[in-house]
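Here is the structure we will look at.
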Amino acid sequence: MDPQDLQFINTLLDGDAELRDKIKEHVVDFDRKTRTMVGTLNKIHSTPSSQVPVLLDSLRPMLLGCQNTTAALAGIIPPEQFWRWKDMWNNSLRAAIFSAVFVEFLATGHLLSLAATSEQLGVREEWKDRFIISVEDYLHGLITMVNELSRLAVNSVTLGDFEAPIRISLFVKELFAGFSMLNLKNDLLRRRFDSLKYDIKKIEEVVYDVSLRQLANPTVTAS
Amino acid sequence: MSPSATTPASSAAAFLAFRDDLDEHNDRRERLIKCSRDITIASKRVVFLLHRIMTEAASDGRELSSRAAAEGHKKLRDVQALFANIREEVRGDRFWRYQHNISPGLQEYIEALSFAHYLEHGTLITYDEVHASLTDESGSPYFPLPVSDYLLGVSDLTGELMRFAISSISKRGGRTKASEVSNFVRGCKADFEGFTPHIRDLSKKQAVTSQSLRKIEEAAYAIVVRSSEYDLTPEQLDDIVGQAVSGHGDAFDEPHGSGRRRGRGENSDEFDEY
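Chains A and B are the protein sequences, given in the same order.
Each residue of the first sequence is one higher than the last, beginning at 1 in the numbering used here.
Each residue of the second sequence is one higher than the last, beginning at 224 in the numbering used here.
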C-alpha cells in the first residue's frame, strides 16, 4: 500500500474512533439520565392518584435535562451522518421518548405527538441531518408505554382507582388501531407490536373485573 | 382527566403519516438491496472476465494484462452506471441510513476494480482512486465512500490474486508473476493488520488472506523443489510445467480453450527426452 494512502486511511480511522469515543461519553450520560427517569416513573405503580402530580413534577426537570444531551450529540455529529451513529444511542433515546409520552399521558390523558416529543427533548428542526427522532424510535417509545400501561391498569386497581383501567383501555385501543394501520416488516418493531395484544388482553381483563363488580364510576364507563 | 382526550381522527392521521414514512423507507431499502445484488453479479462477472483473459495463451504477458484491464474497465463502466442510478436514493443523510444495504455490492465492485487496477499497474488501488471512479462527469462523487468498504473490498482482492497466481504459475514467466503476487499480498496483509481493530469483519478477511498466501507459497515451494531435480533454464522449465498441467481443467474453462490445450498436448513428444 502506498505510504501516503496508508497515512490517509489511518487519519480517517483515527478521526472516526475519536468521534465514537466522544459520542460514547454522551451516550453513557444519556443512559444514566434515562435510567433515573424510568426508575422514577416506575413509582407510578405505587403512587395514589392524589400524589401523581407531585411525581410528574419531579420528572419534568429530568426530561428537560435530556435537552443538554440531544444538543451535545447534535453538536458533534457531522452533517449527513445521523444514521451512521444513531445505533449508539437508540436505547437511551427510546427510553427518553417513552418517559416523555408516558408523563404526558399521566398528566393529560393525551398522546404526545412525535413533533411535541421532539420539542420536549429539545430536538430542533435545523438538526435534521444530525439528530432527529425517527418514526421507528417514537413507535418503540409508544410500545414501551403500552407495556407499562397494562401494569398500571392492574396496580391502579390495587391502589383503589377503579376508573384508571377504563381510561387506559380506551387510550391503548386507539393506539393499537393506529399500529394496525402500519405495514411493519419482520423486525423488532413488528415483534414488539405483536406482543401488544397480550397487554391489551390484560387491560381488558381488569376492565371486565371492575365493571362486573360495578366498582367503576358509571359516568366514566359510559363515555 | 377526560377519557382519551386525543381525538381518534388526529391520532389516525399521525399513524397514516407514519405508515407513509415506513413504507417509503422499506421500499427504498428493498430497491437498494436489489441494486446492490445487481452490482455484485456484474462485478463478479468482471472478475471472471479478467481471469479468463489472463489465462489465455499469449507471448507477451504485459500486453495480456493491459488488454484484460482495458476490457475489465470497459465492463466496470456498466457497474458504475448502476451506482449513478442510486445516487438520488442515497442523497444527503440517506446514504448512511442505507449504507449497510449497499455495502455488499460496493465491496464486490471495489474488488473487481482493484483487480483490474492491479493487472494494469501492479499496485493497490488507492482510496481516492476508488472514490474517483464513482463520480459524475464534473467529478462530484455519487456518495461518500466508507473506509470500511474500501478496506473490505480490497481485502477480497487477495483471494482473486491467489487464484490468478496459481493459474498463471503454469505459464511462461508465471513463477515470477506468482512471486510478485505473493510479495504484493504479503504487503497488503501487513498494511491491513493495523486497521483490524477499527473495522469489523476485517480480521476475518485477514484470516482468508493468510490462507491464500499459504496456498501461493506452497505452490511456489513445490515448483522450486521439483525444478531442483532438473538442470534446466527457466524457459525450459516453463514448458515442462505447462505440459504437465495441460489437460487438467481449470476454473475458467471455455469451449475454445480446450481446443487450444489439446493442440499443446499434441506437441508433447518433443519433451519425451526429459
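Using N, Cα and C, we set each Cβ at its ideal position, and we do this for glycine too.
With a minimum length of 4 residues, the unbroken runs of alpha helix (DSSP H) contained wholly in the segment 245-316 of chain B fall at 284-309.
According to the DSSP assignment, glycine 178(A) belongs to the alpha helix (DSSP H) that extends over 164-180.
About 6 Å separates the Cβ atoms of arginine 252(B) and tyrosine 321(B), confirming a contact at the 8 Å cut-off. Considering only beta carbons, the part of the segment 91-118 of chain A lying closer than 8 Å to chain B consists of Thr108, Gly109, His110, Leu111, Ser113 and Leu114, in chain order. The Cβ of valine 135(A) sits closer than 9 Å to at least one Cβ of chain B.
Taking a 10 Å sphere around the C-beta of glycine 397(B), we find 16 or more other C-beta atoms and assign the residue as buried. The Cβ atoms of leucine 56(A) and alanine 107(A) sit closer than 9 Å to each other.
Remark: three or more beta-carbon pairs, one from each stretch, lie closer than 8 Å, so the segment 13-33 of chain A and the segment 69-76 of chain A are flagged as touching. Within chain B, no residue has its CB atom less than 9 Å from the CB of tryptophan 89(A), the nearest being about 15 Å off. Here the segment 419-427 of chain B makes contact with the segment 375-383 of chain B; the two share three or more CB pairs at distances below 8 Å. Taking a beta-carbon distance threshold of 9 Å, cysteine 411(B) counts as an interface residue toward chain A. In the three-state DSSP reduction, proline 79(A) falls in the coil class, being neither helix nor strand.
Of all residues in the segment 73-89 of chain A, only Pro79, Glu80, Gln81, Phe82, Trp83, Arg84, Trp85 and Lys86 place a beta-carbon less than 9 Å from a beta-carbon of chain B. Considered as a whole, the segment 356-385 of chain B harbours no complete run of any beta strand (DSSP E) with no fewer than 3 residues. Within the same chain, and ignoring the five residues on either side of glycine 328(B) in sequence, the residues whose Cβ sits closer than 6 Å to its Cβ are Ser259, Ile262 and Thr263.
Less than 9 Å separates the beta-carbon of tyrosine 365(B) from that of phenylalanine 306(B). The contact set of histidine 340(B) on chain A, defined by CB atoms closer than 9 Å, is empty, because the minimum CB distance reaches about 12 Å.
Scanning Val447(B), Val370(B) and Ser393(B) for the CA closest to the CA of aspartate 5(A) turns up Val370(B). Distance from leucine 63(A) to valine 123(A) at the Cβ level is roughly 12 Å; contact not present, criterion being Cβ atoms closer than 8 Å. When secondary structure is reduced to three states using DSSP, glycine 410(B) falls in the helix class. Against chain A, the CB of threonine 456(B) has no partner CB under 9 Å away; the residue lies outside that interface.
Glycine 417(B) belongs to the set of residues whose beta carbon lies under 9 Å from a beta carbon in chain A. According to the DSSP assignment, threonine 34(A) belongs to the alpha helix (DSSP H) that extends over 3-41. The C-beta of glutamine 7(A) has fewer than 16 other C-beta atoms within 10 Å across all chains shown, which makes the residue exposed. In chain order, Ala74, Ile77, Pro79 and Phe82 place their CB closer than 7 Å to the CB of arginine 130(A), counting only its own chain and leaving out the 5 sequence neighbours on each side.
About 6 Å separates the CB atoms of threonine 349(B) and aspartate 2(A); that is less than 8 Å, so the two are in contact. Of Asp243(B), Leu336(B) and Ala388(B), the smallest CA-CA separation from serine 266(B) is found for Leu336(B).
For isoleucine 392(B), the secondary structure class from DSSP, reduced to helix, strand or coil, is coil.
In the structure shown, serine 134(A) falls within a coil segment according to DSSP collapsed to helix, strand and coil.
A distance of 9 Å or more separates the beta carbons of methionine 88(A) and isoleucine 133(A). At a Cβ-Cβ threshold of 9 Å, lysine 202(A) and serine 150(A) count as neighbours. As the crow flies, the alpha-carbon of arginine 449(B) is around 16 Å from that of lysine 394(B). The DSSP-derived three-state label of arginine 398(B) is helix. Arginine 84(A) and tryptophan 319(B) have their C-alpha atoms some 5 Å from each other. Of the candidates Ile276(B), Ala292(B) and Pro367(B), Pro367(B) places its Cα closest to the Cα of glycine 315(B). Contact with chain A is absent for asparagine 406(B), since none of that chain's Cβ atoms lies less than 9 Å from the residue's Cβ.
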